[in-house]
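Going letter by letter, the sequence shown gives residues 844 to 1058 in our numbering.
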Amino acid sequence: TGKFVLGTLVVIATLFFLFAEGSRMLDAAIRLSPLEERYVRELVAEFDRVCRAVVVATLLSAVAQGILAGIGFYACGLSHSVALLMLMTMVLAMVPFTGAAAVWIPVCLYLYFYRGEMGYAIGLATYGTLIISTADNIIKPLVLHGQSNLHPLLALLSVIGGIQALGPVGILVGPMVVVFLQTLLKILQRELMTMDRLTAAAAAIGVQLPLGQRA
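If you want it as structure tokens, here you go:
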């Protein structure tokens, strides 16, 4: 409890200073960064866009899984508990590793062992595996692709790899690392193209100068 309270206070204090002096902190980071200001601001813009995309993707996926789970629960005759089960599914769908399965698996066990409805239990287990839990792997990559210009395959791999490497925080860090790398490669490509154009222009001027002198 003490650790949780201390962590909460640290988060509140950090958010306060970020909101109050975020622009000053960004300016200080730009002055300390070895990169040019326009590059740092481009990376910050990508950071902002990816954070928003991850939050939107997580919320939309949780809502979609809750609605799909509610349909399955209602079809199994749990009409009196659909609202509560849907809410629990939406909340737990945002938790990595367990997700919506933390709700529909116990419901399957309840239907099988307590109510003796093996058909409903098997049907809900199949529906939960193929539809409810699979929706997360479809919605998140699509939203990340639309919001952060990540390819759906890269978005999916970044989320899965981030969770495996860093745990729950990997949901945010994974796509961010991929987008940062993508942005840095774009910056490098632009610089190399600019250098090629300057080299070509210098070579053209070097060829034309002797001709002008001879004329």
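A virtual CB, placed ideally from N, CA and C, is assigned to each residue, including glycine.
- With 16 or more other CB atoms across the displayed protein chains lying within 10 angstroms of its CB, glycine 942 is buried.
- Burial check for glutamine 908: the Cβ neighbour count within 10 Å reaches 16 or more, so the residue is buried.
- For glutamate 889 against phenylalanine 1023, the beta-carbon gap comes to about 7 Å, under 8 Å, which counts as contact.
- Straight through space, the alpha carbons of isoleucine 910 and valine 986 are spaced by roughly 18 Å.
- A straight-line Cα-Cα distance of about 14 Å links alanine 905 and proline 984.
- Judged by their CB atoms, valine 946 and methionine 931 are nearer to each other than the 8 Å cut-off.
- With a minimum length of 4 residues, the unbroken runs of alpha helix (DSSP H) contained wholly in the segment 991-1041 fall at 995-1009.
- For cysteine 919, the three-state secondary structure derived from DSSP is coil.
- Taking the CA atoms as reference points, glycine 850 sits about 10 Å from threonine 844.
- For leucine 861, the enclosing alpha helix (DSSP H) covers residues 845-875.
- A Cβ-Cβ contact shorter than 8 Å links glycine 913 with methionine 929.
- Between glycine 971 and glycine 915, the CB-CB gap stays under 8 Å.
- Contact between the segment 950-969 and the segment 993-1004 is absent: fewer than 3 CB-CB pairs across the two stretches fall below 8 Å.
- Pairing isoleucine 948 with serine 922, the inter-Cα distance amounts to about 17 Å.
- Around the Cβ of isoleucine 975, a 10 Å sphere holds 16 or more other Cβ atoms; the residue is buried.
- Looking only at Val898, Asp870 and Glu879, the smallest Cα-Cα distance to isoleucine 982 is reached by Val898.
- Residue state for threonine 969 is assigned as helix, using DSSP reduced to three classes.
- Counting C-beta atoms within 10 angstroms of its own C-beta, glycine 1010 has fewer than 16 neighbours from the protein chains shown and is therefore classed as exposed.
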